[in-house]
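A.B. asks: This structure is in structure tokens; I'll ask about it shortly.
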């Protein structure tokens, strides 16, 4: 049990009555975590774990000195390690997905399907099929995975299942989140899923806080059961991807995965585990999550240092194996577009992997407009003691413009499908 | 990245301006998680994980039908599984702990030591030694592990290292938290540690929120590194316990561990891993944490169902192996006192283990005063849809009286050390 309730109340009271608390504590003075001892050890457990993070060397880090042969061997090892971390259950005799309904749209139809990837679970997805695409004339297929706070209906441009599920944007601003319709207009079959805990897969948020979803509750219970949010989401998404492979209207030699924000994580997992995927839309900035944890240490006025993200991103042991740039590097030589850049240091690593794999032209990178037209920051190593805003600034990220970059993705698509 | 910031703000605004939000959502109506489908499957991911929790059967659950031989075999298997989960590093050539200072008190002395259990870590502990205890006249040793929000100095009755580290109580109320002094007055050598992230092991809380500590930050980074708060705390505590074994003033055939609240968790781990420990003071109520997660589902006015505790209690995969009553049962036949009761259902399970192990007299149980003198609730299975208050009521817990029960522990101690 907790014995801190009364202190929480006391704290609130102190803050509320305006006592001069914060004035004696200067967050900026404590940004960097330093040992005060000659031997470098920490009394503070936060200091200890910070040092442990800094000493951590991911086992399957990409090495830009790889020969093509070493690269392939490493790729296979990374795949095995990813499979071990994701813990996808091996279930047989699962029921086949069922078609629930079909609606006509201008130039395409939208089918709603449901699938049964786990004994306890039913999950639904939308399939947008262009007119003219048939078994005799199959099309490339693209699996679209939404970002945080998004429903599959938002990405598909379909009516929301609950008034609260929408983005809250209207008109041209709302169009910014629609991904599947531009793809279907390019004659692809677009499939859109919900992330676990969001949209139709949410709990009570439709009555209350949606589109602010409690992903963390789902994540916490999964972690208790030795799984993880990403292990679960990538398993569900893989189940749908495998269904796509069996659809005669979809060319299974032209399967693409498009992940936005939160959706880039299952994209990476599927990309590593499934060599059949043809190309990837990685719609977020690329970063080193281990470094982000190490440098994001400026406390708030209560002395709390931020954690970069919530436990829906926690995969125990992930960082002992690899980091995001390693994973994207391992997708080479399959085409990938990164429309929201990051640090050139990390992007160059991915570029190097594509060069080693013999297809340097298969990695396409754009930066946020704010960082495209001027000298971007580049760092071999970011300084410690950052806050969130400064971290984004230094890594060339423009948070208000974090959205779907169809303007660069669609021309890229024309190229990779030529 | 998150796209929910603006919605959070919107929510705050709505709440602040008093719009009639909550009135349309009735939390009580959504307490129990139910599938709306004939096949029992859930669209809601929260529903899916809830069903997965209900289907979870811990591998090393205690079976009251064990023969004495089966019990011993199971005990050994549980020990192996616990070792696997706790991931204690096997380090050699660690520096020996150092004595930092000694102060005289009435009838005993207090030594402050520091130890070096990890290359990045220094941890300090207090040793209270009664006058008259010498190498020629060694005494039993008791390791005291504080609860949440407590420093080792609080439990030792010593001056706090920072004004904010104290309990905030004064006089007789402050005495409630002092554990080590009553033990030393009974002629035991009492050793007191800090929990990771608390007291001297805290980060910036001494300037701000202490004794409200950010244990969760420490826990999160450890989880990222494939460890856990409990794995870490039990490792540190075990390091100190092993030091105790080498002290000539301590009888290492009479080592006792006393855990209060949060401190009962490392107590359980050490008890399982180390058969040399002689007896245990388990100062919290005993409960089934898996069941607690299953039944604690009544949402708040925002539709958020509670999670029983924070991620400092998260050990990935723990629940697939065992639950608290199984672990306490596995301590048989070594003496244990549970001064804050719980459900008779769970306590009877532990009693049964002690009977199988041939020492039914070695389990001592008291209930909260509120539940001692009247018919207590007892349930084979708790109903779902509870809130926290109701959960405590049904499990015979009186939260305001959750404290150190020296009144029953000290007479028990006389018995077990007779």
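Protein chains in written order, with our numbering: chain A, 151 to 568; chain B, 151 to 568.
Backbone N, C-alpha and C fix where the C-beta goes; we use that ideal spot for every residue, glycine too.
If you're wondering where the values come from, they're calculated on a predicted model, not measured in any experiment.
(1) Where does residue 427/A sit, in a helix, a strand or coil, going by DSSP?
(2) Residue 555/A and residue 516/A look like a contact to me (Cβ under 8 Å); what is the Cβ gap, rounded to whole Å?
(3) Counting only the same chain and skipping the five closest in sequence on each side, list residues whose C-beta sits under 6 Å from that of residue 180/A.
(4) What does the alpha-carbon distance come out to for the pair residue 171/A and residue 275/B?
(5) Determine the direct distance from the alpha carbon of residue 430/B to that of residue 335/B, and round the result to whole angstroms.
(6) May I ask you to check if the CB of residue 415/A is nearer than 8 Å to at least one heavy atom of the ligand GTP?
(7) In the structure shown, what three-state DSSP assignment does residue 171/A receive?
(8) Report the option in 203/A, 296/A, 292/A and 491/A whose CA atom is closest to the CA atom of residue 402/A.
(9) Pull up the distance between the alpha-carbon of residue 536/B and that of residue 446/B, whole angstroms please.
(10) State the start and end residues of the unbroken beta strand (DSSP E) segment that holds residue 403/B.
(11) When the Cα of residue 286/B is compared with those of 354/B, 210/B, 399/B and 456/B, which residue comes out closest?
(12) Could you check how far apart the C-beta atoms of residue 267/B and residue 386/B are, in whole angstroms? I think they sit under 8 Å.
(13) Taking DSSP's pairing of strands, which residues face residue 433/B in a bridge?
(14) For residue 452/B, return the contacting residues in chain A, with the cut-off set at a CB-CB distance below 8 Å.
(15) Taking the alpha-carbon of residue 196/A as reference, which of 525/A, 413/A, 564/A and 444/A has the nearest alpha-carbon?
(16) Buried or exposed: where does residue 538/B fall if 16 or more other Cβ atoms within 10 Å of its Cβ makes it buried?
(17) Please return the same chain residues whose Cβ sits closer than 6 Å to the Cβ of residue 355/B, not counting the five positions on each side in sequence.
(18) In the stretch 503 to 532 of chain A, which residue ranges form an unbroken alpha helix (DSSP H) of at least 4 residues, counting only runs that do not cross its ends?
(19) Based on the DSSP output, what are the partners of residue 263/A in its beta bridges?
(20) Quick check: the Cα distance between residue 351/A and residue 313/A, rounded to an integer number of angstroms?
(21) Rounded to whole angstroms, what's the CA-CA distance from residue 353/A to residue 301/A? Just pull it up for me.
(22) Kindly say whether residue 201/A, judged by its beta-carbon, lies nearer than 9 Å to any beta-carbon of chain B.
(23) Excluding five sequence neighbours on each side, which residues of the same chain lie with their C-beta closer than 8 Å to the C-beta of residue 427/B?
(24) Extract the residue ranges of the alpha helix (DSSP H) inside the stretch 293 to 332 of chain A, only unbroken runs of 4 or more that lie entirely within it.
(25) With burial defined as no fewer than 16 other Cβ atoms inside 10 Å of the residue's Cβ, what is the status of residue 187/A: buried or exposed?
(26) Would DSSP call residue 291/A helix, strand or coil?
(27) Give the range of the beta strand (DSSP E) segment to which residue 487/B is assigned.
(28) Residue 384/A CB to nearest chain B CB: under 9 Å?
(29) I want to know whether the stretch 306 to 320 of chain B touches the stretch 434 to 441 of chain B - three or more CB-CB distances under 8 Å.
(30) Does DSSP put residue 567/B in a helix, in a strand, or in coil?
(31) Between the alpha carbons of residue 417/B and residue 278/A, how many angstroms are there, rounded?
(32) Quick one, are the C-beta atoms of residue 369/B and residue 461/B less than 9 Å apart?
(33) State the beta-bridge partners of residue 268/B as determined by DSSP.
(34) According to DSSP, which residues form a beta bridge with residue 342/B?
(35) Could you pull out every unbroken alpha helix (DSSP H) segment of at least 4 residues lying fully inside the stretch 177 to 211 of chain B, listed in chain order?
(36) Hey, how far is the Cα of residue 440/B from the Cα of residue 493/B?
C.D. replies: Taking the coordinates as given:
(1) coil
(2) 7 Å
(3) 449
(4) At residue 171/A the pLDDT is 44, less than 50, meaning the model places this residue with poor confidence and gives no usable figure here.
(5) 18 Å
(6) Among the components of this structure there are no ligands whatsoever, and the ligand GTP is therefore not found.
(7) The predicted model places residue 171/A with a pLDDT of 44, which falls under 50 and marks its position as unreliable; any figure quoted below should be read in that light. In this structure, residue 171/A counts as coil in the three-state DSSP scheme.
(8) 292/A
(9) 5 Å
(10) 400 to 410
(11) 399/B
(12) 5 Å
(13) 410/B
(14) 358 and 359
(15) 444/A
(16) exposed
(17) 363
(18) 519 to 522
(19) 249/A and 275/A
(20) 15 Å
(21) 13 Å
(22) yes
(23) 391, 405, 406, 407, 420, 421 and 484
(24) 302 to 306 and 321 to 325
(25) exposed
(26) strand
(27) 486 to 488
(28) no
(29) no
(30) coil
(31) 57 Å
(32) yes
(33) 271/B
(34) 276/B and 294/B
(35) 195 to 205
(36) 14 Å
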